[in-house]
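Visitor: Handing you a structure now.
Residue numbers (UniProt numbering): 1 to 435.
Printed below as a string of structure tokens:
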């Protein structure tokens, strides 16, 4: 039986309190939390004036975000003339009440940071350029010339996630910011002119985004306190669907590359399967929480949606889990029941024959999928034991203690990049080569 969004959130919160008191997550809680949530269309109000807002003791700037109600003037959304002034979307210092220091007392010179503790903190822009975030800055890095340049965030509250549109027709870079009522800015690459500003997807922060395979939809995942999952019609700057994703941290949201309208979210001790359905009452988003059964609950970071609708995911102990109809049907291990990896899997990719897994242990392993797909283990021990075809490994280097100047040849990132049907599978190890 369908529920309203408010009813679904009340049930999720009540059940989360019961789960916290008992110290464990029961099957009954999983079933109740997985009830389908139907969400009506939302539309964005582009209001906002240029003043200051006090929120939790912090001051945030509400800027003039440009013309309201703007619609593309060309059919090709990838080359629409921008109505936003890109320079207006760069945050500036703010003085506290009674402050007497001049705003220009400091001048930005260089940013040496890289947030290595953050998942998915790097994005491939083209064959030569990468982008990653640190603090309030986007860092653009040319792997050929070793040049690096920067752009400050718009709100000054940090950057949640960066995502490049996978379609060549839409050379856009989506940047999800953090702060009070954060925004998602869609830039044109490489000009960094602003195509769209998306609002009201979440209240404080974004954790992840993903484009649909055709590049026309954008899914965003919010952080606490609302944990909203939002599906955007970004060319029209409109929210199509929005609902609470889960009651705890969600690490990522992904569209299926093969099944239209299928999305998956995962995070702390959960995975959730979503389906967009166009019904006679409108577009709906229905979610079902994955049931672990006899398998230990685990945080999930890496996942991949297969062509047949099944879902592959990693787990905290390094093995591969196969999900079907919301249940774990198989656990994939190496021979003699050794772990696939010695650390959690963070990325997966399937090219039609081989499955690639990237782990925090520094290994990229390649598995022959047909061998896994044809296996039929007994019902009382749903484990498949296989060995990878290839195992690529690059030990991590420890950076030197001193900083590397801009454009220095000693700043040498190591990259393994394999372009698979316009998708990149890569590891980047930022290190310096000490002599």
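In this text, a Cβ means the ideal position worked out from N, Cα and C, and glycines have one as well.
By Cβ distance below 6 Å, which residues in the same chain neighbour residue 249 in space, the five residues on each side in sequence not counted?
Guide: Result list for residue 249: 267, 268, in chain order.
Visitor: By a C-beta neighbour count over all protein chains shown, 10 Å radius and 16 as the cutoff for buried, is residue 282 buried or exposed?
Guide: Result: exposed.
Visitor: Roughly how many angstroms lie between the CA atoms of residue 136 and residue 221, to the nearest whole one?
Guide: When rounded, the distance between both Cα atoms is 20 Å.
Visitor: For residue 369, name the three-state secondary structure that DSSP assigns.
Guide: Residue 369: helix per DSSP, three-state reduction.
Visitor: Given 8 Å as the limit, is there contact between the segment 241-256 and the segment 205-222, that is, 3 or more CB pairs closer than that?
Guide: Yes, the segment 241-256 is in contact with the segment 205-222.
Visitor: Excluding the five sequence neighbours on either side, which residues of its own chain have a C-beta within less than 7 Å of the C-beta of residue 148, listed in chain order?
Guide: Closer than 7 Å at Cβ, skipping near neighbours: 139, 140, 141, 406.
Visitor: Can you tell me which of 303, 331, 304 puts its alpha carbon nearest to the alpha carbon of residue 295?
Guide: Checked all of 303, 331, 304; the closest Cα to residue 295 is 331.
Visitor: Under 9 Å between C-beta atoms, does residue 279 make it to chain C?
Guide: Structure shown: chain C not included; a single protein chain is present.
Visitor: Let me check one thing: in DSSP terms, what residues is residue 391 bridge-paired to?
Guide: DSSP, once it has assigned bridges, lists 365 as partnering residue 391.
Visitor: Could you pull out every unbroken beta strand (DSSP E) segment of at least 3 residues lying fully inside the segment 121-190, listed in chain order?
Guide: Those beta strand (DSSP E) runs which fall completely within the segment 121-190 and span 3+ residues are 129-134, 137-142, 148-152, 159-164, 172-177, 184-188.
Visitor: List the whole-angstrom C-beta distance separating residue 311 from residue 264, where the pair is believed to meet the contact cut-off of C-beta under 8 Å.
Guide: Right, their Cβ atoms sit about 6 Å apart.
Visitor: Closest by CA to residue 196, which one among 123, 374, 173?
Guide: Closest by alpha carbon: 173.
Visitor: Mind checking whether residue 334 and residue 388 have CB atoms under 9 Å apart?
Guide: Yes; because the gap between Cβ atoms is below 9 Å, this pair is in contact.
Visitor: Should residue 145 be labelled buried (16 or more other beta-carbon atoms within 10 Å of its own) or exposed?
Guide: When all chains shown are included, residue 145 counts as exposed.
Visitor: Which same chain residues end up closer than 6 Å to residue 153 when comparing Cβ atoms and leaving out the 5 residues on each side of it in sequence?
Guide: Closer than 6 Å at Cβ, skipping near neighbours: 91, 136, 159, 177.
Visitor: Taking the alpha carbon of residue 352 as the point to measure from, which residue in 132, 344, 366 has its own alpha carbon closest?
Guide: Considering only alpha carbons, the answer is 366.
Visitor: Measuring CB to CB, does residue 184 end up less than 9 Å from residue 194?
Guide: Taking 9 Å as the Cβ cut-off, residue 184 and residue 194 do not qualify as a contacting pair.
Visitor: Give me, in chain order, the residues of the same chain whose beta-carbon lies closer than 6 Å to that of residue 344; leave out the 5 immediate sequence neighbours on both sides.
Guide: Taken in chain order, the residues that qualify are 301, 314, 316, 360.
Visitor: Three-state secondary structure (DSSP) at residue 88?
Guide: Note: residue 88 maps to helix in three-state DSSP.
Visitor: Whose C-beta lies closer than 8 Å to the C-beta of residue 323 among residues of the same chain, with five residues either side of it excluded?
Guide: Closer than 8 Å at Cβ, skipping near neighbours: 271, 273, 290, 310, 311, 312, 313, 329.
Visitor: To the nearest angstrom, how far is the alpha carbon of residue 122 from that of residue 384?
Guide: Taking the straight line joining both Cα atoms gives about 33 Å.
Visitor: Look up residue 221 in the DSSP assignment and say whether it is helix, strand or coil.
Guide: Correct three-state label for residue 221: strand.
Visitor: Under the rule that 16 or more other beta-carbon atoms within 10 Å means buried, what is residue 347, buried or exposed?
Guide: The residue is buried, with at least 16 neighbouring Cβ atoms inside 10 Å.
Visitor: If you reduce the DSSP assignment to three classes, tell me which class residue 262 lands in.
Guide: In the structure shown, residue 262 sits in a strand (DSSP, three-state: E or B).
Visitor: Does DSSP put residue 337 in a helix, a strand or coil?
Guide: Residue state, collapsed to three classes: helix.
Visitor: Taking residue 242 as part of the beta strand (DSSP E), name the residues at either end of that continuous run.
Guide: Element bounds for residue 242: 238-244.
Visitor: To the nearest angstrom, how far is the alpha carbon of residue 111 from that of residue 337?
Guide: So the two alpha carbons sit approximately 45 Å from each other.
Visitor: Check whether the Cβ atoms of residue 307 and residue 259 sit closer than 9 Å, and answer yes or no.
Guide: Taking 9 Å as the Cβ cut-off, residue 307 and residue 259 qualify as a contacting pair.
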